[in-house]
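**Q** Residue numbers (the working numbering), protein chains in the order written: chain P, 10 to 208; chain B, 10 to 208. Pasting a structure below so you can have a look.
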DNA sequence: GTAAATCTACCGACCGGTAAGTAGAATCAC
DNA sequence: GTGATTCTACTTACCGGTCGGTAGATTTAC
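The following block contains the structure:
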C-alpha cells in the first residue's frame with residue numbers, strides 16, 4: 010500500500026480508482042475481473058494489489074469517493090440554502106449534473122453494495138440514508154409551507170432519486186442534448202410534479 | 010430440454026424461471042451461481058440443465074418472459090386506448106404495478122443484458138426500443154394537443170422510465186404503503202410534471 | 001417397459017489473491 | 001561525492017477454490 014501521501018502514488022491511486030469505477034459502471038462489479046482493471050491500466054493484476062488489499066476494498070474506496078463527491082458538490086452547499094424550494098432545486102440539478110457528467114464513482118453508489126462486507130455496507134447505507142432523510146425533510150418543509158401536492162412524501166423522495174439515478178444509464182454527453190439542458194428538464198419535471206402551481 | 014408442452018414439465022420450467030428471476034433480482038446475474046438456483050429449488054445443478062442449455066439462455070428466457078408480461082399487461086391493452094393522456098396514465102400505472110407486485114422477470118428487463126449473447130441482446134434491445142418509442146409517441150401526441158409542458162420529449166420519456174424502474178429497488182409490499190397507493194402517487198407525480206395544468 | 005426427470009461425479013477455465021523477486025529512484029553514512 | 005542501503009512500484013509465476021457445464025448412471029411416473 011502507498012505508505013505516505015507522496016504526490017506520485019496518490020495520483021496513481023486516483024487513476025486506478027477512476028479506471029476501476031468506469032469498468033464497474035460499464036460492466037458491473039462482478040463481471041469486471043481484477044485483470045480487466047489491470048489491462049485497462051496497462052499493468053499486471055499483482056501490481057494493482059500494491060494499492061488495495063482486495064477487490065472488495067477497492068469497491069468500498071470508490072463508493073466512498075462517490076459519496077464524498079456528493080457531499081462536496083451537493084449536500085454541503087445545499088445545507089446553506091434556507092428556502093426549501095430553492096434547496097430542492099439545487100440538490101436535484103447538481104446531483105443530476107454529477108451523474109450526467111459521468112462521475113462513475115457517484116453513479117456506482119446506488120448499485121453493487123451487495124458485494125461489500127457487512128461493516129462496509131452499513132457505512133455506505135448510513136451515508137445514503139442521511140442523504141435520503143435530508144431530501145425527505147426538505148419535502149416535509151415544503152409540505153408545511155403548503156407548497157406540496159397531495160403525495161406520500163416517502164414515495165415522492167424515492168421517485169426523485171429514481172429519475173436522477175436512471176440518468177447515467179441513458180444519457181450520452183456525445184448526443185444532441187447538453188448536460189445543462191437535461192439537468193434542467195429533469196429538475197423541472199420533478200418539481201412541477203411535486204409542487205402546487207401558483208400562477 | 011423439455012421436449013413437448015406437457016403440463017408437468019412446463020410447470021416445472023416456470024417454477025425454475027421464477028426462482029432464478031428472484032435470485033437474479035436479489036443478488037444480480039453474475040453473483041448468482043447455477044448451484045444457488047439449484048439449491049433454492051432443492052435439486053442439483055445438473056438437474057437444472059435438463060431445462061436450459063446455459064445460464065445465459067436461462068437469463069434470455071426470463072427476460073423474454075418479462076417482456077411478454079409487459080406486452081400482455083401494458084402494451085397490448087394500451088394500444089386500444091385512443092386518448093393519449095389516458096393511455097399514458099394506463100401505461101405508467103400498470104407497469105408500476107408489475108414492478109411493485111414483484112414480477113422479477115419484468116424488473117430484470119432493464120438490467121443484466123450485458124450478460125447476453127450479441128443476438129439475444131439485439132432482440133431484447135429492439136423490444137425495449139419499441140416500448141420506448143410507443144411511450145415517446147404518446148408524449149408527441151400530447152405535445153400536438155398542446156397538453157405537454159416545455160420539456161425535451163426524449164428526456165421526459167427516459168425520466169418516466171427512471172421513476173418506474175427504481176420502484177422495485179425501494180418499495181416493499183410488506184410496508185405501510187399499498188401497491189395501489191404507490192402506483193397512483195408515482196403516476197400522478199409523473200403526469201403532473203409533464204402536463205400543463207388546466208384547472 | 002420406457003421415457004422423462006434427476007442424480008453422482010467430474011472437467012477445464014478462470015477467478016481473486018499471493019510469494020518472491022527486481023529495476024530504479026531516493027536516502028543515508030562518511 | 002560516492003558507495004551502501006532502503007524504499008517504491010511494479011512483474012512473473014503460481015495457488016486454492018469456484019464457476020459453468022457435461023457424461024452417464026439412476027430413479028420416477030405411467
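We put the beta carbon where it would ideally sit given N, CA and C, even for glycine. None of these values were measured; they are calculated from a predicted model.
1) My parser needs the alpha helix (DSSP H) runs of 4 or more residues fully inside the region 125-202 of chain B; what are they?
2) Leaving out the 5 sequence neighbours to the left and right, which residues in its chain are closer than 6 angstroms to residue 198 of chain B when beta-carbon positions are compared?
3) Assuming the contact rule is C-beta atoms closer than 8 angstroms, residue 117 of chain P and residue 76 of chain P should be a hit. Round their C-beta distance to whole Å, please.
4) Which residues in chain P sit within 9 angstroms of residue 133 of chain B, going by Cβ to Cβ distance?
5) Who are the Cβ neighbours of residue 93 of chain B in its own chain at under 6 angstroms, not counting the five residues just before and after it?
6) By a C-beta neighbour count over all protein chains shown, 10 Å radius and 16 as the cutoff for buried, is residue 89 of chain B buried or exposed?
7) Just how far apart, CA to CA, sit residue 189 of chain P and residue 83 of chain B?
8) Which residues bound the alpha helix (DSSP H) around residue 7 of chain B?
9) By the 10 Å Cβ neighbour count, where 16 or more other Cβ atoms means buried, how is residue 14 of chain P classified, buried or exposed?
10) Taking Cβ-Cβ distances below 9 angstroms as the criterion, which residues of the region 141-164 of chain B are in contact with chain P?
11) Measure the alpha-carbon distance for residue 45 of chain P versus residue 34 of chain P and round it to whole angstroms.
12) Is residue 67 of chain P closer than 9 angstroms to residue 60 of chain P when the C-beta atoms are compared?
13) What separation, rounded to the nearest whole angstrom, lies between the Cα atoms of residue 54 of chain B and residue 127 of chain B?
14) Using only CA atoms, which one of P:194, P:187, P:132 and P:193 lies nearest to residue 72 of chain P?
15) Counting only Cβ pairs nearer than 9 angstroms, list the residues of chain P close to residue 33 of chain B.
16) Going residue by residue through the region 12-62 of chain B, where are the continuous alpha helix (DSSP H) segments of at least 4 residues, counting only ones entirely within it?
17) Starting from residue 205 of chain B and walking both ways along the alpha helix (DSSP H), at which residues does that stretch end?
18) Could you tell me whether any Cβ in chain P is nearer than 9 angstroms to the Cβ of residue 36 of chain B?
19) Tell me whether residue 98 of chain P, by its Cβ, gets closer than 8 angstroms to a heavy atom of the ligand ZN.
20) Applying the 10 Å Cβ sphere with the 16-neighbour rule, what's the burial state of residue 12 of chain B?
21) Helix, strand or coil: how does DSSP classify residue 111 of chain B here?
22) Kindly confirm or deny that the region 171-179 of chain P and the region 159-168 of chain B touch, where touching means at least three C-beta pairs closer than 8 angstroms.
23) Does chain P have any CB closer than 9 angstroms to the CB of residue 206 of chain B?
24) Taking its Cβ as the centre, do 16 or more other Cβ atoms sit within 10 Å of residue 104 of chain P, making it buried, or is it exposed?
25) Using a Cβ-Cβ cut-off of 9 angstroms, state whether residue 201 of chain P counts as contacting chain B.
26) Count the other C-beta atoms from every protein chain shown that fall within 10 angstroms of the C-beta of residue 182 of chain P, then say buried if there are 16 or more, exposed otherwise.
27) Buried or exposed for residue 135 of chain P, going by 16 or more other Cβ atoms inside 10 Å?
28) How would you label residue 184 of chain B, buried or exposed, when you count the other beta carbons within 10 angstroms and need 16 or more for buried?
29) Spatial neighbours of residue 201 of chain B within its chain, please: C-beta separation below 6 angstroms, excluding the five flanking residues on both sides.
30) For residue 204 of chain P and residue 205 of chain B, what's the separation of their Cα atoms in angstroms?
31) Please classify residue 56 of chain B as buried or exposed, where buried requires at least 16 other C-beta atoms within 10 Å of its C-beta.
32) Can a CB atom of chain P be found closer than 9 angstroms to the CB of residue 173 of chain B?
**A** Result, derived from the coordinates:
1) List check, alpha helix (DSSP H) in window: 127-153 and 162-179.
2) Working through the second chain from its first residue, we reach residue 198 of chain B at position 189. Excluding residues within five positions, none has a Cβ falling inside 6 angstroms.
3) Reading the first chain from its first residue, position 108 is the one you call residue 117 of chain P. Reading the first chain from its first residue, position 67 is the one you call residue 76 of chain P. About 10 angstroms; that fails the 8 angstroms criterion.
4) Residue mapping note: residue 133 of chain B aligns to position 124 of the second chain, counting from 1. Against residue 133 of chain B, chain P offers no close residue; the least beta-carbon distance is about 15 angstroms (beta-carbon pairs closer than 9 angstroms).
5) Locating residue 93 of chain B in the second chain gives position 84, counting from the first residue. 147, 150 and 151.
6) Here residue 89 of chain B refers to the residue found at position 80 when the second chain is read from its first residue. The C-beta of residue 89 of chain B has fewer than 16 other C-beta atoms within 10 Å across all chains shown, which makes the residue exposed.
7) Residue mapping note: residue 189 of chain P aligns to position 180 of the first chain, counting from 1. Residue mapping note: residue 83 of chain B aligns to position 74 of the second chain, counting from 1. If you take the alpha carbons of residue 189 of chain P and residue 83 of chain B, they lie about 33 angstroms apart.
8) Absent from the structure is residue 7 of chain B, since the part of chain B shown begins at 10 and ends at 208.
9) In the first chain, residue 14 of chain P corresponds to position 5, counting from 1. Low per-residue confidence applies at residue 14 of chain P: pLDDT is 42, beneath 50, and the placement is therefore not dependable enough to give any value.
10) The residues in question are 158, 159, 160, 161, 163 and 164.
11) Position 36 of the first chain, counted from the first residue, corresponds to residue 45 of chain P. Position 25 of the first chain, counted from the first residue, corresponds to residue 34 of chain P. Rounded to the nearest angstrom, the two C-alpha atoms are 13 angstroms apart.
12) Stepping through the first chain from its first residue, residue 60 of chain P is reached at position 51. Stepping through the first chain from its first residue, residue 67 of chain P is reached at position 58. Contact flag set, yes.
13) Walking along the second chain from the start, residue 54 of chain B turns up at place 45. Walking along the second chain from the start, residue 127 of chain B turns up at place 118. Computed Cα separation, rounded: 26 angstroms.
14) Indexing the first chain from 1 puts residue 72 of chain P at position 63. Selection P:194, P:187, P:132 and P:193 evaluated against residue 72 of chain P yields P:132 as nearest (Cα-Cα).
15) Counting from 1 along the second chain, the entry for residue 33 of chain B is found at position 24. Those within 9 angstroms of residue 33 of chain B in chain P number zero; the least Cβ separation is about 12 angstroms.
16) For the region 12-62 of chain B, whole alpha helix (DSSP H) runs of length 4 or above, ordered along the chain, are 16-36, 43-49 and 54-57.
17) Locating residue 205 of chain B in the second chain gives position 196, where the first residue counts as 1. Under the DSSP assignment, residue 205 of chain B falls outside any alpha helix (DSSP H); it carries neither an H nor an E label.
18) Within the second chain, the letter at position 27 stands for residue 36 of chain B. So yes, residue 36 of chain B belongs to the interface.
19) The ligand ZN is absent from the structure shown, which contains no ligands of any kind.
20) Looking up residue 12 of chain B in the second chain gives position 3. Residue placement at residue 12 of chain B cannot be trusted, given a pLDDT of 38 that sits under 50; what the coordinates show is reported in the next sentence. So residue 12 of chain B ends up on the exposed side.
21) For this step, residue 111 of chain B is matched to residue 102 along the second chain. In the structure shown, residue 111 of chain B sits in coil (DSSP, three-state: anything other than H, G, I, E or B).
22) Touching, per the Cβ criterion.
23) The residue you call residue 206 of chain B lines up with position 197 of the second chain. Yes, residue 206 of chain B lies at the interface with chain P (some Cβ there is under 9 angstroms from its Cβ).
24) Within the first chain, numbered from 1, the residue matching residue 104 of chain P stands at position 95. That one is buried.
25) Within the first chain, residue 201 of chain P is the residue found at index 192, counting from 1. Chain B, which has a Cβ nearer than 9 angstroms to the Cβ of residue 201 of chain P, makes this yes.
26) Within the first chain, residue 182 of chain P is the residue found at index 173, counting from 1. Exposed is the call here.
27) Here the question's residue 135 of chain P lines up with position 126 in the first chain. Of the residues assessed, residue 135 of chain P falls on the exposed side of the cut-off, its CB having fewer than 16 other CB atoms within 10 angstroms.
28) On the second chain, residue 184 of chain B is found 175 positions in, with the first residue counted as 1. Exposed.
29) Stepping through the second chain from its first residue, residue 201 of chain B is reached at position 192. Counting only Cβ-Cβ distances below 6 angstroms, and skipping sequence neighbours, we find nothing.
30) Taking the first chain and counting its residues from 1, one reaches residue 204 of chain P at position 195. Taking the second chain and counting its residues from 1, one reaches residue 205 of chain B at position 196. So the alpha carbons of these two residues sit roughly 13 angstroms apart.
31) Mapped onto the second chain, residue 56 of chain B falls at position 47. Around the C-beta of residue 56 of chain B, fewer than 16 other C-beta atoms lie within 10 Å, and the residue is accordingly described as exposed.
32) Position 164 of the second chain holds residue 173 of chain B. Yes, because at least one Cβ of chain P sits closer than 9 angstroms to the Cβ of residue 173 of chain B.
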